[in-house]
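Single-structure report; data block below.
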Amino acid sequence: MKRLRAAAALALISVTLAACQSAGPIGNAPTVIGTGGIEGNWVDPNGITSSFNSGVFVTRTTDTNEKLAEGSYRYETPQLVSIDMRSLVRGTTSRVNCAVVSPSQLNCTSSAGSQFTLTRKAAG
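Letter by letter, the sequence shown follows residues -18 to -1, 1 to 106 of mature numbering (1 follows the signal peptide of the UniProt record, and there is no 0).
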């Protein structure tokens, strides 16, 4: 249980404290997200899975599938997604902004300024 709490806290911190990173030199940001947008499953460097489905955001542990956070998301622009989420572990709410760098990469940051990257999880 202690290991799960530590992993959940680390995952939550990486998600809630993340901020949008630059997509590279000006003009290199994608202009079209693609037909699927960000819908589907994404994974962070710690192996925590985040899903985006019809405006609903959920983060779960990989090993036990325990829900860590939930919320909603919306496109601010075709290249910027805003996530309003509630930590089920800490009982806090936060906003995270993610830049759509490519169809398989989101660079994210929270209002606190921490940054992380989500990578689209391969199907199967």
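Beta carbons are placed, not taken as given, at the ideal position from N, Cα and C, and that holds for glycine.
Going by Cα to Cα distance, which pick from the options is closest to residue i?
{"i": "Gly95", "options": "Thr43, Asn79, Arg56, Thr74", "result": "Asn79"}
{"i": "Gly29", "options": "Leu70, Thr41, Leu88, Thr91", "result": "Thr41"}
{"i": "Tyr57", "options": "Arg102, Val82, Phe98", "result": "Val82"}
{"i": "Met67", "options": "Leu100, Gly37, Thr99, Pro27", "result": "Gly37"}
May I ask you to list the residues that DSSP assigns as paired with residue i?
{"i": "Lys103", "result": "Answer by DSSP bridge pairing: none, since Lys103 is not bridged."}
{"i": "Gly22", "result": "Phe34"}
{"i": "Gln97", "result": "Thr91"}
{"i": "Val82", "result": "Leu88"}
Tell me whether residue i counts as near the ligand MG, meaning its Cβ is closer than 7 Å to at least one heavy atom of that ligand.
{"i": "Val25", "result": "The ligand MG is not among the ligands present in this structure, which contains no ligands whatsoever."}
Between residue i and residue j, what straight-line distance do the alpha-carbon atoms span, to the nearest angstrom?
{"i": "Ile65", "j": "Ala105", "result": "23 Å"}
{"i": "Thr101", "j": "Ser54", "result": "19 Å"}
{"i": "Arg72", "j": "Cys90", "result": "20 Å"}
{"i": "Gln87", "j": "Leu50", "result": "21 Å"}
{"i": "Ser92", "j": "Glu48", "result": "22 Å"}
{"i": "Ile20", "j": "Pro85", "result": "7 Å"}
{"i": "Gln97", "j": "Thr44", "result": "21 Å"}
{"i": "Leu70", "j": "Trp24", "result": "19 Å"}
{"i": "Val14", "j": "Leu62", "result": "With a pLDDT of 38 at Val14, under the threshold of 50, the modelled position of this residue cannot be trusted; read the value that follows with caution. Their Cα atoms are separated by approximately 11 Å."}
{"i": "Pro60", "j": "Arg77", "result": "18 Å"}
Do residue i and residue j have their C-beta atoms closer together than 8 Å?
{"i": "Gly22", "j": "Phe39", "result": "no"}
{"i": "Thr99", "j": "Pro27", "result": "yes"}
{"i": "Lys103", "j": "Thr31", "result": "yes"}
- Going along the chain, which unbroken runs of the beta strand (DSSP E) with 3 or more residues stay wholly within the segment 31 to 78? 31 to 35, 38 to 42, 49 to 59, 62 to 69
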